[in-house]
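Each remark here refers to the structure printed beneath this line.
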Amino acid sequence: MIAYKNIIIILLGICILTPTALYGYGKEKKEVAFIVRTINLHHSAADYPLRIRGIAQEFYRNYPHQIGLISIQELKKRKMADCLCGESFDNGAKCLAAELALLYGQKADAGISDRHWLQQNAGGLGVIADDTWKIIGTKTWSIGDDRFLMEMFLEHKTEGYRLRFYNTHLSIYGSVAWYEKFLYGYTSGKDKGQKKRSMQVSNIIELVRDRAKPGELPPIIAGDFNAGQNFVTGETEVSVKMMEAHFQRQIDDFRNSCSDYTVTDQIYIGRKETFPESKGSFQLLKWHRIYMDKKPVVVGGKRINELSDHNTEGFSFKIIIKPDKEVQKRSQ
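Quick note, in numbering that gives the first Met the number 0, the sequence shown goes up one by one and the last residue is 331.
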């Protein structure tokens, strides 16, 4: 009897010391090929370096197994001599990558969007990739209205499959100039934003379809789309419907358990119908939302009202590569 009690105590101790045993992360870790996140850093808010550290800590608490792929919007592009890692980095994406590398004990690299000659806004785009991926290259396009689409072309270091990972941040407006009502027919700032986003999404779809090559994984687009339901009618916004015709919005799989599945920060994966020559598919394993908007936290002994004015969305996937049918026939 005493021996059984000792065994029970030991097992409980293992669960306490290893919380993954309680939450099933051990099993998930074996299945997950990678995790994808998107975060708006809100670069103009105070305590930028401290908030970057806090965001890295939240990512680690949420999923301590790997960094994965992260799309970043509202990125401060200036050199960060005040990054808390103790080094000077070219931009906020590099700083966040360094913070994550310290926590995870895993190398990570970051790239940022090119400075386009049309660009007027200070916020940039960035992508972080952990060391399971090789960065082949990056490219940036204007999609209209001072907004951009960034591509990071990646190759998995051990499996060899290639992935085009996209990041974007679409327009939003709170007002409309009087002359725009006559020239363009905008009824309000919200109406203007919705029409601008439809134009931008049309450009995104054309660019991503044109960039896709046979044998690549289905493309992933993550970012701040500033769109969910139509602000006026409450129906799904046109730009969302346009995206959904060619890309699967991952949060849709959770609409029965999520009252706000039309949030603006989204992760989309290319549909097979639009990308018929793509290789493989992504099996969705888990939703990794982290609440940051209006949620006070303490970082480095200092209270911060919120890490960002956005919540961060994330999903973990298993990559499924089915055997080629022609290869199977030849082997039989």
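Cβ atoms here follow ideal geometry from the backbone N, Cα and C, with glycine treated the same way.
Computed from a predicted model, the values in this text were never measured in an experiment.
Check	Outcome
Nearest to Gly299 by CA position, among Ile220, Glu73, Ile127, Gln56, is which residue?	Gln56
Since Asp129 sits in a beta bridge, which residues does DSSP pair it with?	Ala107
For Val298, which three-state DSSP category applies?	strand
Could you tell me whether the Cβ atoms of Gly269 and Pro213 are closer together than 9 Å?	no
What are the boundary residues of the alpha helix (DSSP H) that includes Gln65?	Gln65 -> no alpha helix (DSSP H), and no H or E assigned at all.
Which of the three DSSP states, helix, strand or coil, is assigned to Phe224?	coil
Could you have a look at Asn90 and say whether DSSP puts it in helix, strand or coil?	coil
Start and end of the alpha helix (DSSP H) containing Arg210?	188-210
Would you kindly work out how many angstroms separate the C-alpha atoms of Ala96 and Phe147, rounded to a whole number?	22 Å
Indicate the three-state DSSP secondary structure (helix, strand or coil) for Thr311 in the structure shown.	strand
Following the continuous beta strand (DSSP E) through Glu234, name the residue where it begins and the one where it ends.	Note, Glu234: premise wrong, no beta strand (DSSP E); not H, not E.
Based on the DSSP secondary-structure assignment, which residues constitute the bridge partners of Glu336?	Nothing can be reported for residue 336: it is not among the residues displayed for the chain, which extend from 0 to 331.
Give the DSSP-derived three-state secondary structure of Gly214 in the structure shown.	coil
According to DSSP, is Leu124 part of a helix, a strand, or is it coil?	strand
Closest to Lys240 by C-alpha separation, out of Ala107, Ile38, Tyr267, would be which residue?	Tyr267
Please classify Gly53: does DSSP put it in a helix, a strand, or coil?	helix
If you reduce the DSSP assignment to three classes, tell me which class Phe274 lands in.	coil
Do you know offhand how far Ala211's Cα is from Phe253's?	28 Å
Measuring only the C-alpha atoms, how far is Phe224 from Ile54?	20 Å
Tell me the DSSP bridge mates of Ser141?	Phe147
How far does the beta strand (DSSP E) with Leu83 in it extend, from its first residue to its last?	From DSSP, Leu83 is part of no beta strand (DSSP E); its letter is neither H nor E.
Going by the CB atoms, is the gap between Thr137 and Ile111 shorter than 9 Å?	yes
Going by the beta-carbon positions, is the gap between Leu68 and Ile34 smaller than 9 Å?	yes
Please tell me whether Glu305 and Met291 are closer than 9 Å, where the distance is taken between their beta carbons.	yes
Using the Cβ count rule (16 or more neighbours within 10 Å means buried), how would you classify Ile250?	buried
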